[in-house]
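What follows is a single structure, written as structure tokens, with notes after it.
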Amino acid sequence: MRPWGTFAGMVGAVAVALAAVTAPTGQPPAHAEQGAALRVALTTDVDSLNPFLATLAASTELGRLMYEFLTTYSAKDQSPVPALAERWTTAPDNLTWTFTIRSGAVWSDGVPITARDVAYTFNLMLTNPVARTANGNFVANFDSVSAPDDRTVLIRTKTPQATMLALDVPIVPEHVWSKVTDLAGYANDTTPVVGSGPFVLADYKPNQYIKLTANKKYWRGPAKIDELDFVSYKNADAAVQALRKGEVDLVNRLTPDQFDGLRGQTNIAVHKAQGRRFTELLLNPGAATRTGEPIGDGHPALRDVRVRRAIAQAIDVRTLVDKVFAGYAEPGSGYIPSVFQSYHWEPPAGTARRFDLAAAGRALDEAGYPRGPDGIRRGADGRPLALRLVGHNNVSSDAQVADYLKRWLADIGIAVDVQMLSGNRLNEVTAAGDYDMAFSGWGVNPDPDAVLGLQTCGQRPGPDGKGGTTDSFFCDPVYDDLYRRQLAEFDPVKRADLVRQMQQRFYDQVPAVILFYQDALEAYRADRFSGFPVQPDPGGVIREQNGYWGYYGAQPVAGADSGGSRDLWAVLLRFGVPLVVVGGVALYGYRRRRSREDDRE
1 MRPWGTFAGM VGAVAVALAA VTAPTGQPPA HAEQGAALRV ALTTDVDSLN
51 PFLATLAAST ELGRLMYEFL TTYSAKDQSP VPALAERWTT APDNLTWTFT
101 IRSGAVWSDG VPITARDVAY TFNLMLTNPV ARTANGNFVA NFDSVSAPDD
151 RTVLIRTKTP QATMLALDVP IVPEHVWSKV TDLAGYANDT TPVVGSGPFV
201 LADYKPNQYI KLTANKKYWR GPAKIDELDF VSYKNADAAV QALRKGEVDL
251 VNRLTPDQFD GLRGQTNIAV HKAQGRRFTE LLLNPGAATR TGEPIGDGHP
301 ALRDVRVRRA IAQAIDVRTL VDKVFAGYAE PGSGYIPSVF QSYHWEPPAG
351 TARRFDLAAA GRALDEAGYP RGPDGIRRGA DGRPLALRLV GHNNVSSDAQ
401 VADYLKRWLA DIGIAVDVQM LSGNRLNEVT AAGDYDMAFS GWGVNPDPDA
451 VLGLQTCGQR PGPDGKGGTT DSFFCDPVYD DLYRRQLAEF DPVKRADLVR
501 QMQQRFYDQV PAVILFYQDA LEAYRADRFS GFPVQPDPGG VIREQNGYWG
551 YYGAQPVAGA DSGGSRDLWA VLLRFGVPLV VVGGVALYGY RRRRSREDDR
601 E
């Protein structure tokens, strides 16, 4: 940090004494003179503003606000609806898709958006492996992409691809990105950033805030707010206090205690929705590259599926839901949350793993892991079953769940060493395979292909240990075959059946235990905003990682304080150190996974 001089030093000393905070550096951004500003508390990581590299949920959320896609998800029912593409057709063989780009749409700098921008984006991903870091799975089956004229995009796939109306790829302006010579090192934070979405990046201080302004040239028309500020907080407690004081307007990912504590508060409204995220316990099944070269230092016993199954049987997910989340969650089962009922899977009656410590212990006995004199089990190699469990040090539920897991596993003869790490450090160790068990999780899109693809063999890192977007280093030929089949299946009923078979295979092989689907708990300042669109409607969430509707349609209260950047700067002065974005632009080598608090988001 740069020194602020004598006065700032005095202020900093008082702040440290009272709240352990200091003032941040930088100059205050310009004030939005007209219209309302929506101030959103950000308590999760931002890894990059480069849409080709961004993998964490906060980063991909910003990408959706700044860049339009070919299609988007309806706010009503989450079905695919037009965005940059106003219509499309497919050939009888389902291999060639023709998208018609809407006429009159322009980039935020006034340059027309054409089919050539779309072709440029996809071809960059096809030819540059760095450009495939975040969303490479969407183009892995592409054979060619061309733009025969300014309004027509032709995409030919190698095999039929059922996800062609769910390509979550931000389209970038060719006249800007064609000048980028180092894609891996390009931060995309030189403001104003040229985009096509409802908002434009106007100012960015990596450890303090992200300021966006309404895109006056947006093809749907300007948003109802003039400014959208993301103010970064160290944890949800600090964000909730800021909401109470009117220093931010919207907070999400509340804990049950925080949510209940805000009920009935003056000028604050609470909102609960069914979650579309799952939280999992990763069980390192033997981290390896996509060529099969072992990496990391995971415990070898976890390569034995019998050990993984025993661990899963020793976890009482109902107790976790009741005791840790006070009922604001659902017990986990399949990989797809129950909010997406057409794809959700639960074990058939009589086949589900039931919490049974005695049975889990017997399974370990039968697998050849007897207890030693100290009560800890050992394998044939004499190595004790002593496992590391890593989690997020800024997520209170991780520590609470870890306490339960440690006790349950101790009962079956497995010692657990709990280590709570920063988000970035957790991503580093899990990406390198340097863990035994780890808390993770993802947000699921209405089309499940992207999250299902994380478990395929091809998503493991390359021979050098870099790249890939694997979630758990799972590699299973049966699962991969089912994945290919579902991708090519256009019959929705048949495809859903294949997706359920994939989840059953994942459940049986246990590279991870799906613990729960947490409810989305949000709160906002009702004295400044009368309401927000939710997705889906009704019953959906405000802050939706699969859309921008909550921000785009936010309804300011007539006559309310417009908020804006002066208030933002006051917040920064008051809460300096707790306003910390853990990350900024992370190293390319570790932009491989989204942590539970930052999954797609």
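Residue 318 in full-length UniProt numbering is what sits at position 318 of the sequence shown, and the numbering runs on without skipping anything.
Ideal placement from N, C-alpha and C gives every residue a C-beta, glycine not left out.
Look up Y204 in the DSSP assignment and give the residues it is bridged to. I210.
Looking only at DSSP bridge pairs, what is A82 linked to? The displayed chain sequence assigns Pro, not Ala, to residue 82. DSSP output for P82 lists T71 as bridge partner(s).
Say whether the region 439 to 452 touches the region 114 to 132, bearing in mind that this needs 3 or more beta-carbon pairs closer than 8 angstroms, one atom from each stretch. In this structure the region 439 to 452 does not lie against the region 114 to 132, because fewer than three pairs of beta carbons, one per stretch, are closer than 8 angstroms.
What do you get for D374, buried or exposed, if any count of 16 or more other CB atoms within 10 angstroms of its CB means buried? exposed
Proximity of T100 and T152 at Cβ, strictly below 8 angstroms: Contact: yes.
Express the C-alpha separation of E489 and R377 in angstroms, rounding to a whole number. Inter-residue distance for R377 and E489 is about 46 angstroms (C-alpha atoms, whole angstroms).
Per DSSP, which residues does F516 bridge with? Please list them. T279, P331
Are the CB atoms of F230 and L42 within a distance shorter than 8 angstroms? With respect to F230, L42 sits close: the two C-beta atoms are nearer than 8 angstroms.
For S48, tell me which candidate among R308, N207, G110 has the shortest Cα-Cα distance. N207
Give me the Cα-Cα distance between R383 and Y483, rounded to the nearest whole angstrom. 36 angstroms
On a CA-only basis, which of V40, T351, Y335 is nearest H344? Give me that one, please. Y335
Through-space distance from A349 to S333, alpha-carbon basis: 13 angstroms
From the DSSP output, in three-state form, read off T430 for me. helix
What does DSSP give as the partner residues of H271 in its beta bridges? E522
Is any heavy atom of the ligand NAP found at a distance shorter than 7 angstroms from the C-beta of T90? Among the components modelled here there is no ligand, and therefore nothing to report on the ligand NAP.
Helix, strand or coil at L498 according to DSSP, with G and I counted as helix: helix
Check each candidate in T44, A57, Q419, R525 and name the one with the smallest Cα separation from A236. Residue T44 is the option with its Cα nearest to A236.
Check V317 in the structure and name its three-state DSSP category. helix
Mark Q341 as exposed unless 16 or more other C-beta atoms lie within 10 angstroms of its C-beta, in which case mark it buried. exposed
Could I get the ranges of all uninterrupted alpha helix (DSSP H) runs contained in the region 463 to 493, with 4 residues as the minimum, in chain order? 477 to 487
Pairwise C-alpha distance: V317 and residue 602: Because the chain in this structure spans residues 1 to 601, residue 602 falls outside the shown range and cannot be described.
Out of G298, S178, I542, which has the shortest C-alpha to C-alpha gap to A386? G298
Kindly list the residues whose CB is nearer than 6 angstroms to the CB of S472, restricted to its own chain and excluding five residues on each side of it in sequence; keep chain order. L282, P511, A512
Quick check: the region 536 to 555 against the region 239 to 254, are there 3 or more CB pairs under 8 angstroms? yes
Expressed to the nearest angstrom, what Euclidean distance is found between the alpha-carbon atoms of Y233 and A239? Here the alpha carbons of A239 and Y233 stand approximately 6 angstroms from one another.
May I ask which residues mark the beginning and end of the alpha helix (DSSP H) holding Q400? Q400 -> alpha helix (DSSP H) spans 396 to 411.
Is the CB-CB distance between A360 and Q313 below 8 angstroms? yes
Quick check: what's the CA-CA separation for G467 versus G286? 17 angstroms
Would L357 and I412 qualify as a contact pair, given that the criterion is a beta-carbon distance under 8 angstroms? The answer is yes: Cβ separation under 8 angstroms.
In angstroms with no decimal places, state the Cα-to-Cα distance between L515 and T213. 39 angstroms
Spatial neighbours of W408 in its chain, beta-carbon cut-off 6 angstroms, leaving aside the 5 residues before and after: Non-local beta-carbon contacts of W408 in its own chain, meaning distances under 6 angstroms to residues more than five positions away in sequence, involve A314 in chain order.
Are the Cβ atoms of L389 and V429 separated by less than 8 angstroms? With contacts defined by Cβ atoms closer than 8 angstroms, L389 and V429 do not form a contacting pair.
Going along the chain, which residues of its own chain have a beta-carbon closer than 7 angstroms to the beta-carbon of D447, five neighbours each way excluded? T163, A166
How big is the Cα-Cα spacing for Y507 and R87? 39 angstroms
Within 10 angstroms of its Cβ, does P370 collect 16 or more other Cβ (buried), or is it exposed? exposed
Reference N94, options A83, T157, G531, A36, closest by Cα: It is T157 whose Cα lies nearest to the Cα of N94.
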